[in-house]
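Asks: Protein chains in written order, with our numbering: chain A, 1 to 114; chain B, 1001 to 1113.
For glycine and all other residues, C-beta sits at the position ideal for the given N, C-alpha and C.
So that we are looking at the same thing, I have put the structure below in structure tokens.
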């Protein structure tokens, strides 16, 4: 069975500082990994994905994520946080070549302080 | 752009009522999903459908059913609403090719009183 862990319920960071939102996963095969963002009272919005290839994936709004196979991690990063980045972030995994179901983490609330 | 729409943003129902949540996608996606989102629990899969008239249970199907009569429409039905079904409900559809990126609707916040 596949699973995702987001160990931090809440991350606070000052505007202009780098941010990291952590994610670790477990799958029996090769993973497809995703980050989604949810703004208040909205659906989930796709940020970025890892399929194969370069371990550093670049996505929307200046976000990037680093795939680390040995540590089974896919942490979300941004060099300089904005107040508008404050939102709920979800990591998700599916096993490549398998059924189309995603397993989501519990979410991390990011607050960027002005 | 893929568009996934849900019939209501906010809904208030009474215990015991039958509730219908509608989801429509306009990208000819074969695969559609219903999730519920609760604080601290992330998204949990209720039901999914790979094709018209085809459905499969997800992780928490109890108290729910679904209908997929047309490819673009996937309905979630609460047969007899209960207060523990108060939640945010999210519909998603998925692209045909790997890696199956999911596209989400705006969500329906259901309150059962």
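Determine contact between the stretch 28 to 42 of chain A and the stretch 1023 to 1030 of chain B, defined as no fewer than three beta-carbon pairs at a distance below 8 Å.
Replies: Output reads no: the stretch 1023 to 1030 of chain B does not touch the stretch 28 to 42 of chain A.
Asks: For residue 1055 of chain B and residue 1101 of chain B, I'd like the C-alpha separation in whole angstroms.
Replies: Looking at the two C-alpha atoms, the distance is approximately 20 Å.
Asks: With H, G and I counted as helix, E and B as strand and the rest as coil, what does DSSP make of residue 1008 of chain B?
Replies: Coil, per DSSP.
Asks: Going along the stretch 39 to 60 of chain A in order, which residues come within less than 7 Å of chain B, judged by CB to CB distance?
Replies: Those would be 42, 43, 44, 46, 49 and 51, in chain order.
Asks: Could you name the residues of chain A that residue 1076 of chain B contacts, counting a contact when the two beta carbons are closer than 9 Å?
Replies: Residues of chain A passing the Cβ test: none, with the nearest at roughly 15 Å.
Asks: So, with DSSP's three-state summary, where would you put residue 60 of chain A?
Replies: If DSSP states are grouped into helix, strand and coil, residue 60 of chain A belongs with the helices.
Asks: Let me know if residue 85 of chain A comes out buried or exposed under the rule of 16 or more other beta-carbons within 10 Å of its beta-carbon.
Replies: Buried is the call here.
Asks: Of the choices A:26, A:33 and A:17, whose alpha-carbon is the least far from that of residue 65 of chain A?
Replies: Closest by alpha carbon: A:33.
Asks: Distance cutoff 8 Å, beta carbons only. Does residue 62 of chain A sit that close to anything in chain B?
Replies: So, not an interface residue.
Asks: Among the residues of its own chain, which have a CB less than 7 Å from the CB of residue 27 of chain A, if the five just before and after it don't count?
Replies: Hits under 7 Å: 2, 93 and 95.
Asks: Give a yes or no on whether the minimum CB-CB distance between residue 1025 of chain B and chain A is below 8 Å.
Replies: No, no contact with chain A.
Asks: Ends of the beta strand (DSSP E) at residue 1032 of chain B?
Replies: That run of the beta strand (DSSP E) goes 1031 to 1038.
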